[in-house]
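Numbered by the numbering used here, the letters in the sequence shown go through residues 119 to 290 in order.
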Amino acid sequence: MSKQLDKESKRTDNQQLKQKMRLKNNLFSRYLLFRYSLALFFFVNLYWLLSQVYRPSVYLILPVILLFLIIAACAEQFKLYGAKEVYLEQTKRAFKIQISVELLLLAVTMIPRQLPAAVPFFSNTVSAHIFFALAQLLGLLICWYNLRRIRQINNNEDKFYSRFHNHIEKYI
Numbered sequence: 119m120s121k122q123l124d125k126e127s128k129r130t131d132n133q134q135l136k137q138k139m140r141l142k143n144n145l146f147s148r149y150l151l152f153r154y155s156l157a158l159f160f161f162v163n164l165y166w167l168l169s170q171v172y173r174p175s176v177y178l179i180l181p182v183i184l185l186f187l188i189i190a191a192c193a194e195q196f197k198l199y200g201a202k203e204v205y206l207e208q209t210k211r212a213f214k215i216q217i218s219v220e221l222l223l224l225a226v227t228m229i230p231r232q233l234p235a236a237v238p239f240f241s242n243t244v245s246a247h248i249f250f251a252l253a254q255l256l257g258l259l260i261c262w263y264n265l266r267r268i269r270q271i272n273n274n275e276d277k278f279y280s281r282f283h284n285h286i287e288k289y290i
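Now the structure itself:
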């Protein structure tokens, strides 16, 4: 009889542990958009840095700064696994600085012969300027959407929180 009780208690413990892990993973899923966006900007800025190393200019410092900020934000993302409190300051800072740099680069596209200096793999043609401006606008939209999502998560207004907050408080 005691063996059967031990098996049942182990089974219940395993189910509770699985439930807790499932909820932790779901909670960590709240930040999935940030991880993908940071990865996108990491590789874009890395490619930009490599092109700047090939043809150095004053703009070399920008991708370096952005890469450091993105790495700090990624480290912050890993710390959020299983955390009860939301702390997204590094992520927020990385997206805000990314917005600033993209606005600066949009301004650079308006100055004659500056685009090839800022981004060596673009020529100084009208079509290159238009394509680059569209790419910067897309980057701005991604950053602004991420900042909006950070605000929602900080205020617990995101859809995930409203759906799972009862379970989160119970198991985590």
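Heads up, the beta-carbon is just placed ideally off N, CA and C, and yes, glycines get one too.
Contact belief for Arg238 with Ser169 at Cβ below 8 Å, rounded distance in angstroms: Here residue 238 is Pro; the residue named in the question, Arg, does not match the sequence. That belief holds up - the Cβ atoms of Pro238 and Ser169 are roughly 5 Å apart, short of 8 Å.
- prompt: According to the neighbour-count rule (16 or more other Cβ atoms, all chains shown, within 10 Å of its Cβ), is Pro230 buried or exposed?
  reply: exposed
message: Applying the 10 Å Cβ sphere with the 16-neighbour rule, what's the burial state of Pro174?
response: exposed
- prompt: Alpha carbon to alpha carbon, how far is Thr130 from Gln195?
  reply: Taking the CA atoms as reference points, Thr130 sits about 31 Å from Gln195.
- prompt: Going by other Cβ atoms of all chains shown within 10 Å of its Cβ, with 16 needed for buried, is Phe249 buried or exposed?
  reply: exposed
CB-CB length for Ser155 against Asn264, believed under 8 Å: Confirmed, about 5 Å.
- prompt: Which residues bound the alpha helix (DSSP H) around Gln232?
  reply: Per DSSP, Gln232 belongs to no alpha helix (DSSP H) and is neither H nor E.
- request: Give me the Cα-Cα distance between Ile290 and Gly200, rounded to the nearest whole angstrom.
  value: Per-residue confidence for Ile290 stands at a pLDDT of 49, beneath the threshold of 50, marking its modelled position as unreliable; no derived number is given.
field: First through last residue of the alpha helix (DSSP H) which encompasses Lys197
entry: That run of the alpha helix (DSSP H) goes 179-197.
message: Assuming Tyr154 is part of the alpha helix (DSSP H), what are its boundary residues?
response: 150-172
field: Element boundaries [alpha helix (DSSP H), containing Asn242]
entry: It is not in any alpha helix (DSSP H) - Asn242 carries neither H nor E in the DSSP assignment.
task: Would you identify the three-state DSSP class for Ser218, choosing helix, strand or coil?
output: For Ser218, the secondary structure class from DSSP, reduced to helix, strand or coil, is helix.
query: Which residues in the same chain have their Cβ closer than 8 Å to the Cβ of Lys210, if we skip the five residues on either side of it in sequence?
result: Excluding positions up to five away in sequence, the list reads Leu265, Ile268.
- prompt: How would you call Tyr172, buried or exposed, if buried means at least 16 neighbouring beta carbons within 10 angstroms?
  reply: exposed
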